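For the first sequence, our numbering gives the first residue as 948, with consecutive numbering after it.
A virtual CB, placed ideally from N, CA and C, is assigned to each residue, including glycine.
Bear in mind that the values here come from a model prediction, so they are computed numbers and not experimental data.
For reference, the structure is listed below as C-alpha cells.
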Amino acid sequence: MKYSHKETEAKWQAKWDETKAFAAKNDKSKPKYYALVEFPYPSGAGLHVGHPRPYTALDIVSRKRRMEGYNVLFPMGWDAFGLPTENYAIKNKIHPRLVTENNVKRFKGQLKALGLSFDWDREINTTDEKYYKWTQWIFLQLFKKGLAYKKEMTVNWCPSCKVVLANEEVVGGCCERCNTTVVRKAKSQWMLKITEYADRLIDDLETVDYIERVKLAEKNWIGRSYGAEVNFDTSRGDKLKVFTTRPDTLYGATYMVIAPEHPYIEKWQDSLTNYDEILAYREAAAKKSDFERTEMAKEKTGVRLEGVSAINPMTGKEIPIFVSDYVLITYGTGAIMAVPAHDDRDWDFAKVFGLPIIEVVAGGNVTEAAFTDVETGKMVNSGILDGLEVKEAKEKIIEYLTEKGIGEKKVNYKLRDWVFSRQRYWGEPIPLVYCEKCGWQPIDEKELPLTLPNVDSYEPTDNGESPLANMTDWVNTTCPKCGGSAKRETDTMPQWAGSSWYFLRYCDPYNEEEFASKEALEYWMPVDWYNGGMEHATLHLLYSRFWAKALYDLGYLRDPEPYLKRTSHGMILGEDGEKMSKSRGNVVNPDDVINEFGADTMRLYEMFIGDFEKSAPWSTNSVKGCRRFLDRFAALSDKIVDKASPAVEKSLHKTIMKVTSDIEAMKFNTAIAAMMTLLNDIHDAGGADRETLKTFALLLCPFAPHLAEEMWESLGGKGLASLAEWPKFDESKAKDDSVTVAVSVLGKFQGTVTVPVGADEATVFAEAIKLEKVIARTEGKEIFKKIYIQDKMLNILCK
RNA sequence: GCGGAUGUGAUGGAAUUGGCAGACAUGCUGGUCUUAGAAACCAGUGCUUCGGCUUGCAGGUUCAAGUCCUGUCAUCCGCACCA
C-alpha cells in the first residue's frame, strides 16, 4: 500500500464527520468518560505546535476509551473574550466579534486537520450570547450569595492597556500582555470572595488525583499559615493588632512595624510629632509600583513613629513602632511584631536602625544572623516558655494569650480576593445596576443575557472607564427594585469568567433554560481527566474549582470538585532549545508540518518527542523518523503471510500490553517506541498474517488514526477502526520461554547465560561457571555466597 | 531568598520494587541500487592505550547504585519582604 497522507487524511476526516463517529451520545447504558483539554484562546496567530501536544494526548486517551466501550465526551470550544482580540480590533478598526469569528474559523480548520476526535456538535464559544447568558447568571448567583462585593482598592493598572490587572496577570511588575510596567491606582472594583473558599480549595485537594506539582502550586499560592493574632497595648491607650506565625518568640519582640497604608497613622495623628515625615514616607511608598517595592527589598527603609510606642505584653517593656514598606497592608493585619533575632527581615531592619536583638530560641548566633530554625531550638530568655521546644512553646503561649485575652489562634492566607472588573469592551457585561436609593441591584434574570451594545470605539477612556461608559442609552436604565432611574455597571468581566464553568456547559450545550440540566450534569460530571498547562494551576484551575464549589453549595452540582484527575504537559521549545517566539524566529508552523508530512506524522512526533510532562525541543529531523515509521507500516500490507512467526506473535502481545498500560501512564513516547519495535520484528520476520496486522492497526489507531483506518479497511476490517474493540493481550503468549541472565563475580558483570524462564539457582550457576571470564575470576578461590534474582542476575562472591 | 524540576552517547530520549545503562528514534560511517542524487534496503555506531572506563561532581550505604543517603555544582521554571 502506498501511503499518501493528503488523500488518506481527507478521506477519513470526511468519513468521521459524516458518520458523527465521535459525537457523545446520551446513552446511559454505557459507562461515561469525560476527557477535557483546555479550550484555546483563538488568537490571530493561529495554532502553534505547542497546542497539539495536550490535544493529541487526550485524543489518544479518548480514542482508546471509545474502543474500550466507554461513552466518551471529548469536547472543544473557544475562550474568545480577551485583550489581544480587542487590541487588534482597536488597531485595525474591526469589530472584535468579527476578529473572533475569523480566528475561530482558522483554529477550527487547523484542529480538524489534525484529526482530533472532538465532538464538534458540542462546540461552545464564551463570546456567544447564549453562552455568556449563563456566565452572567452564575455571577448573579454568586452576587446573591454575597460572594461578590465592590471595593475601593489600589489595583494594578496597566497604563498602556488602560486596564486593571489581577495580581496573577502581573508578571515581574509588568503587564502580562504588553509588558508595560504596572503602576498602582485606586479604583472601585468588583471582587469575588475566593478567600472564603481558601481552606476547602486546599483541603479538597486530598480527594482528587492531581499530579503533585499542581497540588503544591495551588497550596503555595493559597499560602495558608497558622499562627496567632496578638494585641499590643500602645501609649495611646488603644491596641495594635498583629499576626504572627511565631508567637513563641513574643519575648523577643523588640519593636513593631506597620505598613505605610495602615489607618492608625491618621488615628494617631495628634500624638505623632513627626507626622509630616511619616506622610512623606507613605507617599513615596505609594508611588513605587509593587515591582519597585520588591526591588528595593535589599535595603530596608522606614520611619519611627515619634510620640507613640507599644508595650510587649510578655516583658512589659516599652518598644518603638516604625512604619516601613516591608510590611504589607494586604496581608495579616498590616502590622507586625518584629523579632530580629529570629526573622531575617526584622534582623536586617534592626541592623539598619540599631535596634536590640534579643535571642529567645537558642541554637544559632543571633549577632551574626537571624536564627529561624523551628525544629532544633530551645526557648531561652522567655519567662514561662524557657526550656520548651519551639512547637511546645507555640501551643503554650497561645493558650496563655487566649486566657489573658491578649490574643488568639489565627490562620492567614496569601490568597487575595479575585478582582473581577475590567475596564474593557470585549468581555461579559456585569449584570448589575446602581440605584441611588437601593444600591447595587442584580438585573432580572429574565433579562439575561445582558448583551454587549455596539459602540463606535472600543478604546477605553483615559480616565480608565470602560468604553461602555460612553453609551448613555445603554448605561441609563431603571432600578429593578424601585423602578427609579439607575445606571448599569460599565465594567466587564475578566477573561477567566467564561472559562470558570465551560466544562459544565459541554454537558448540555444547547440548553436555554439552565446552564446545563441536572440530568446531563449528573451523568457526565465530574471530568474524569483534565489536562492543561502548568501556568493555569494558580489561575484558571483555582478559579474554576472555586465556581464549582460555589455552585455545589447552591445545590446545582452533585460534587464539590469538578475534576477527578489533572495532568500537565511540558512545553515544546524551538530547535534551539529556547522558548518559541516570533522575536527569536524559532517558531514552527503546524500547517507546514501537516502539509509536508501529514497529520498522523505530526501527532506521532508530538507524542514521541519525549516525556509528556517535560518540555522538549522540536527537531525537524526527528519528524522524518516518525514519517518513516508510518511509511514502513503502510508497506506491511504488501507483506501479508499465512501465519505469523512465533517471534512476531510474542512481540505483538508484548506490544499490546505495553501500549495499553503506557497510554494510561501518559508514556506515549515509549508506547510508540514499542510499536516501532513490533514493526521492526515483523520486518525482520519478513511479514505477518492479516489478523496480526489488523491488531497492529488498532493499536496505532489512537496515535495515527487516518493511516490506521486506511490499513484496517484494506485488510478487510469491519466498520471504523476508531470504533473497533481495543485489542486484548494474552499474557501467556507475551511470555518468553528462555531468558538471558546476567552473571557477575564480586559484583562485576562478566557475561550472560541463557536459561529457561524460572530456572533455579543451581541451573543458572551450572551454566555460569562454564563462562570463560567466570572461570578466570573464580579459579582457585572459595565461592562463599551466591546471590540469585530469578530471571535477572546471578552474583558469585568468592575469596 | 523560598519552592519545584532537571543533569544519561554527537542529538531527542529509554531503563516498576536497586539487578546486563544507552530501548526507540535522529545523526553519522560503510555498503546495495542509481549516470548522479534523493528515497529505500543491509551492516555498523558510548569511550578505550583492549587492562578497563562510563549516567554533572565528591563521598557514603549495599553482594549490586542512573536509581537510596549526605554534600556540592550547573541549568531551567514558578513565587517573591506573606510576618
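Best match in the options for proximity to residue i [C-alpha to C-alpha]
i: E1033; options: A1175, G1545, T1439, P1267; result: T1439
i: D1195; options: K1325, H1630, L1498; result: K1325
i: R1435; options: G1572, W1421, S1447, I1345; result: W1421
i: E1560; options: E1153, E1159, K967, P987; result: E1159
i: H1209; options: Y1278, D1290, T1082; result: Y1278
i: K1444; options: A1495, R1363, N1178, Y1503; result: Per the sequence shown, the amino acid found at residue 1444 is Ala instead of Lys. When each option's Cα is compared against that of A1444, the closest is A1495.
i: F1615; options: E1657, K1092, E1553; result: E1553
i: L1112; options: K1097, R1131, N1049; result: R1131
i: R1147; options: I1619, K1162, D1589; result: K1162
i: L983; options: I1304, S1064, Y1079, K1091; result: S1064
i: L1468; options: Q1136, Y980, W959; result: Y980
i: G1633; options: E1543, V1595, V1250, G1170; result: V1595
i: G1411; options: L1379, C1385, C1429, Q1370; result: Q1370
i: F1021; options: A1060, K972, P1043; result: K972
i: V1474; options: D1523, L1045, L1451, V1046; result: L1451
Where the beta strand (DSSP E) containing residue i begins and where it ends
i: M1138; result: 1130-1139
i: W1387; result: 1386-1389
i: L1252; result: 1250-1258
i: W1476; result: 1476-1478
i: I1266; result: 1265-1270
Residue i, DSSP secondary structure in three states
i: T1192; result: coil
i: E1729; result: coil
i: L1667; result: coil
i: D1684; result: coil
i: R1513; result: strand
i: T955; result: helix
i: C1573; result: helix
i: R1505; result: coil
i: I973; result: Note on residue identity: the sequence assigns Asn, not Ile, to residue 973. Coil.
i: T1602; result: helix
i: N946; result: Coverage of the chain is limited to positions 948 through 1746, which leaves residue 946 absent and any answer about it impossible.
i: E1383; result: coil
i: N1103; result: strand
i: P896; result: Any property of residue 896 remains undetermined from this structure, which presents the chain solely from 948 to 1746.
i: N1167; result: helix
i: T1220; result: coil
i: A1309; result: strand
i: F1158; result: In the sequence as displayed, the identity of residue 1158 is Ile instead of Phe. Of the three classes helix, strand and coil, the one that applies to I1158 here is coil, per DSSP.
i: N1742; result: strand
i: K1247; result: coil
i: R1000; result: helix
i: K1186; result: strand
i: N1568; result: helix
i: L1348; result: helix
First and last residue of the uninterrupted alpha helix (DSSP H) at residue i
i: L1030; result: 1030-1039
i: G1354; result: First-last for G1354: 1354-1359, but that is the beta strand (DSSP E), not the alpha helix (DSSP H).
i: A1297; result: 1291-1300
i: N1018; result: Where N1018 is concerned, there is no enclosing alpha helix (DSSP H), although the beta strand (DSSP E) it sits in stretches over 1018-1020.
i: W1494; result: 1487-1500
i: Y1079; result: 1076-1091
i: T1617; result: 1615-1632
i: N1050; result: 1043-1060
i: A1285; result: Premise fails: A1285 lies in the beta strand (DSSP E), 1282-1285, not in any alpha helix (DSSP H).
i: E1176; result: Looking at the DSSP string, E1176 is not in any alpha helix (DSSP H); the run it does join, the beta strand (DSSP E), is 1172-1181.
i: Y1449; result: 1449-1452
i: L983; result: Note, L983: premise wrong, no alpha helix (DSSP H); beta strand (DSSP E) at 979-984.
Contact belief for residue i with residue j at Cβ below 8 Å, rounded distance in angstroms
i: L1693; j: L1741; result: Not a contact, Cβ separation roughly 12 Å.
i: V1129; j: W1104; result: 7 Å
i: R1013; j: L1670; result: 6 Å
i: L1625; j: T1602; result: 4 Å
i: I1149; j: Y1405; result: 39 Å between Cβ atoms; not a contact.
i: I1205; j: I1258; result: Actually they are not in contact, since the Cβ atoms of I1205 and I1258 sit about 16 Å apart, beyond 8 Å.
i: M1481; j: S1584; result: Actually they are not in contact, since the Cβ atoms of M1481 and S1584 sit about 42 Å apart, beyond 8 Å.
i: I1556; j: M1549; result: Actually they do not touch by this definition, with Cβ atoms about 11 Å apart.
i: K1512; j: D1156; result: 4 Å
i: T1201; j: L1302; result: 6 Å
Pick out the complete alpha helix (DSSP H) segments inside the region 1402-1441, 4 residues or longer, and give them in chain order.
You should have 1419-1422.
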